[in-house]
Ligand code: 1BN
Ligand code: ZN
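In our numbering, the protein residues as written are 438 to 802.
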């Protein structure tokens with residue numbers, strides 16, 4: 438019989454220690470994983486709370502395109518190519534308007550190489566309550582594409598995406614007012630899920646649309662959020678990231694021209710899309726939106742893959758609701774994408790649908 442030496446005893450002990458440490462780590466890992474799964478499940482079971490008919494009518498009567506145009510849209514309708522004065526001033530306008538509406542504003546500033554050299558970009562991220570476990574992100578890009586002017590006519594990208602940005606500022610006002618009112622009356626102390634408005638920079642290519650010359654802001658922000666632990670320490674310990682906090686990423690793009698149609702492009706958000714369809718139907722029934730074929734007709738006739746700011750979020754597993762008009766406006770990426778192409782009637786209708794959607798999502802009845 439072999440007598441164990443001191444060496445082999447120590448060896449066995451070390452092996453035991455390593456094995457039990459490995460077992461402990463893997464059980465910590467699997468505990469964190471199951472906690473993360475449980476956390477992610479909440480986005481799937483979130484219920485929207487329908488407004489009453491009376492609240493719906495009241496809300497739909499409050500709107501006015503004139504106010505929307507003069508307060509928000511007019512200030513964005515200008516050249517806003519990264520690095521220009523217009524870009525800087527629109528950025529300042531977005532931040533101050535959001536703060537005035539009661540939102541907490543953060544900036545994600547970074548420098549990235551582009552085919553035209555290093556450029557500075559700034560994403561703007563606003564939350565109504567930055568302490569909530571979950572967020573519903575609503576996003577649009579605020580930069581405009583670099584294009585050569587002709588006969589003193591400059592590219593102001595009205596549908597791409599000045600109107601989407603103005604719609605988001607309008608949502609900021611509606612949600613901010615409701616939130617302040619509800620806190621005052623003590624109806625809510627805290628929220629389960631907060632709206633998050635993201636104004637992305639550098640969506641447009643400087644030369645040719647390709648992976649490393651486009652969606653600069655979205656690529657940066659998705660990466661940052663993926664690696665940032667959740668703000669809540671308990672969730673952070675469960676390996677939950679700031680990106681996991683996103684219920685969905687709703688992207689608005691190419692909005693403002695006549696006859697817009699939005700298809701149900703992602704199965705992960707078909708439930709949200711169907712909710713938009715329901716709102717469109719209810720508003721049509723009470724005569725609060727104009728006669729139109731249908732803004733939300735359902736699934737597209739064939740598979741459609743549209744490149745846009747949602748891609749880095751999609752690749753990281755975030756549910757995507759892509760509200761982009763298909764077909765694209767006929768003026769897309771031409772100098773004609775200006776104020777003249779805008780259709781106040783459909784913008785007003787979409788404004789009402791989006792207002793109702795967010796109020797129902799956050800239970801702000
Ligand atoms: C949308 C608006 N996009 C740019 N401005 C994205 C896009 C680029 C979609 C190229 C299709 C082709
Ligand atoms: Zn564009």
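Glycine included, each C-beta is placed from N, C-alpha and C at the ideal position.
Not one heavy atom of the ligand ZN lies closer than 8 Å to the C-beta of residue 537.
Here DSSP, grouped into helix, strand and coil, assigns residue 635 to strand. A distance filter of 6 Å between CB atoms and the heavy atoms of the ligand ZN selects the following residues in sequence order: 582, 597, 641 and 770. Put simply, of 534, 773 and 794 the residue whose alpha carbon is nearest the alpha carbon of residue 596 is 773.
Partner residues in a beta bridge of residue 596, as assigned by DSSP, do not exist. When C-alpha distances from residue 577 are compared across 760, 798, 779 and 799, the shortest belongs to 760. In this structure, residue 519 places its C-beta atom within 9 Å of the C-beta atom of residue 558. Secondary structure of residue 538 (DSSP, three-state): coil. Of all alpha-carbon atoms in 566, 474, 721 and 510, the one lying nearest the alpha-carbon of residue 490 is that of 721. In this structure, residue 644 has its CB at a distance of at least 8 Å from all heavy atoms of the ligand 1BN.
If you keep only unbroken alpha helix (DSSP H) runs of at least 4 residues inside the segment 748-773, you get 748-751. According to DSSP, residue pairing for residue 564 in a beta bridge involves 541 and 633. Nearest Cα to residue 472 within the set 747, 704 and 675: 675. Residue 527 is classed as buried because its beta carbon has at least 16 other beta carbons within 10 Å across all chains shown.
A residue is called buried when at least 16 other Cβ atoms come within 10 angstroms of its Cβ; residue 484 does not meet this threshold and is exposed.
Residue 761 has its CB nearer than 8 Å to a heavy atom of the ligand 1BN. The C-beta separation of residue 497 from residue 725 comes to about 4 Å, placing the pair in contact by the 8 Å criterion. Going by C-alpha positions, residue 797 is about 15 Å away from residue 480.
Residue pairing by DSSP leaves residue 493 without any beta bridge partner. In the three-state scheme derived from DSSP, where H, G and I count as helix and E and B as strand, residue 587 is classed as strand.
Burial of residue 692 is indicated by the presence of at least 16 other C-beta atoms within 10 angstroms of its C-beta.
In the three-state scheme derived from DSSP, where H, G and I count as helix and E and B as strand, residue 650 is classed as strand. A distance below 9 Å separates the beta carbons of residue 619 and residue 801.
Where residue 671 is concerned, the enclosing alpha helix (DSSP H) starts and stops at 670-674. Three or more beta-carbon pairs separated by less than 8 Å link the segment 564-580 to the segment 601-619, which places the two stretches in contact.
When distances are taken from the beta-carbon of residue 745 to the heavy atoms of the ligand 1BN, the shortest one is below 8 Å.
Per DSSP, the continuous alpha helix (DSSP H) segment holding residue 712 begins and ends at 707-722. Per the C-alpha coordinates, the member of 788, 709, 651 and 681 positioned closest to residue 744 is 651. At least one heavy atom of the ligand 1BN lies less than 8 Å from the C-beta of residue 690. Residue 700 and residue 763 have their C-alpha atoms spaced approximately 7 Å apart. Ranking 703, 584, 633 and 665 by CA distance to the CA of residue 645 puts 584 first.
Beta-bridge partners of residue 578 (DSSP): 637. A distance of 9 Å or more separates the beta carbons of residue 658 and residue 542.
Within the same chain, 659 and 686 come within 6 Å of residue 750 by CB-CB distance, once the 5 residues on both sides are set aside. The DSSP-derived three-state label of residue 556 is strand.
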